[in-house]
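Chemist:
Number of protein chains: 2
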Amino acid sequence: MIKATVYVTIKQSVLDPQGVAVQGALHSMGFNEVESVRIGKVMELTLDTTDRAEAEKRLTVMCEKLLANTVVEDYRYELEG
Amino acid sequence: MIKATVYVTIKQSVLDPQGVAVQGALHSMGFNEVESVRIGKVMELTLDTTDRAEAEKRLTVMCEKLLANTVVEDYRYELEG
Chain A
1 MIKATVYVTI KQSVLDPQGV AVQGALHSMG FNEVESVRIG KVMELTLDTT DRAEAEKRLT
61 VMCEKLLANT VVEDYRYELE G
Chain B
1 MIKATVYVTI KQSVLDPQGV AVQGALHSMG FNEVESVRIG KVMELTLDTT DRAEAEKRLT
61 VMCEKLLANT VVEDYRYELE G
């Protein structure tokens, strides 16, 4: 059993309207030290396999095909177990 | 300048329909080794301060008041810089 954590974040060059909205909300609550907010996704997958190398290979395909939109998003993952 | 990364995840006892949908999609694509998927948010905040202790204190308030719904979500954060 391998636990994989996939992080999908919007590319630096792409506007993140959700982050801008959260930043505005934080400012209006008095948190003026917040200079920028970028929001991404974190996905925790449990994989029923013990082959780490194969798991990495298949995770890359999952990210490219479904989990991330590689036009506007970056992804990275970590494996444990 | 402090960079904070906030992770907001749905509590283990709470159903994650988005994760279930992604798991179903991965299965239909042939990734049958995926046993479970839980989806959360990752937020990267840039804070214009150098006081780490104060930043932590204020981040906790931000999480409790806005960034996380503590009824159904857990949060944790890391500081760097």
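Heads up: the protein sequence lines correspond to chains A and B, in order. At position 16 of the first sequence (counting the first as 1) the number is 16 in this note's numbering, and the numbers step up by one without a gap. At position 3 of the second sequence (counting the first as 1) the number is 3 in this note's numbering, and the numbers step up by one without a gap. Where is the CB? At the ideal position from N, CA and C, for every residue including glycine.
Just curious, the beta strand (DSSP E) that M62 of chain B is in, first and last residue?
Modeler: Sequence index remark: in the second sequence, residue 62 of chain B carries index 62 (1-based). That residue, M62 of chain B, is in no beta strand (DSSP E); its alpha helix (DSSP H) goes 52 to 62.
Chemist: In the DSSP assignment, what residue or residues form a beta bridge with A4 of chain B?
Modeler: One-based indexing of the second sequence puts residue 4 of chain B at position 4. According to DSSP, A4 of chain B bridges with B:L45, B:L79.
Chemist: Reducing DSSP to helix, strand and coil, say where G82 of chain B ends up.
Modeler: Any property of residue 82 of chain B remains undetermined from this structure, which presents chain B solely from 1 to 81.
Chemist: With H, G and I counted as helix, E and B as strand and the rest as coil, what does DSSP make of V37 of chain B?
Modeler: Translated into the one-based positions of the second sequence, residue 37 of chain B becomes position 37. Note: V37 of chain B maps to strand in three-state DSSP.
Chemist: Is the segment 1 to 20 of chain A touching the segment 33 to 47 of chain A, taking contact as three or more C-beta pairs under 8 Å?
Modeler: Touching, per the Cβ criterion.
Chemist: Are any of the Cβ atoms in chain B nearer than 8 Å to that of L26 of chain A?
Modeler: Counting from one through the first sequence, the residue named residue 26 of chain A turns up at place 26. So, interface residue.
Chemist: Relative to the C-alpha of M1 of chain A, which residue among A:T46, A:Q23, A:Y77 is closest?
Modeler: As a position in the first sequence, residue 1 of chain A is number 1, starting the count at 1. The shortest C-alpha separation from M1 of chain A is found at A:T46.
Chemist: Nearest to F31 of chain A by alpha carbon, out of B:R76, B:A21, B:K57?
Modeler: Start at 1 with the first residue of the first sequence, and residue 31 of chain A comes out as number 31. Selected option, being the one with the closest Cα: B:K57.
Chemist: Using a Cβ cut-off of 8 Å (strictly closer), state whether E44 of chain A contacts chain B.
Modeler: As a working note, residue 44 of chain A is residue 44 in the first sequence. Yes, because at least one Cβ of chain B sits closer than 8 Å to the Cβ of E44 of chain A.
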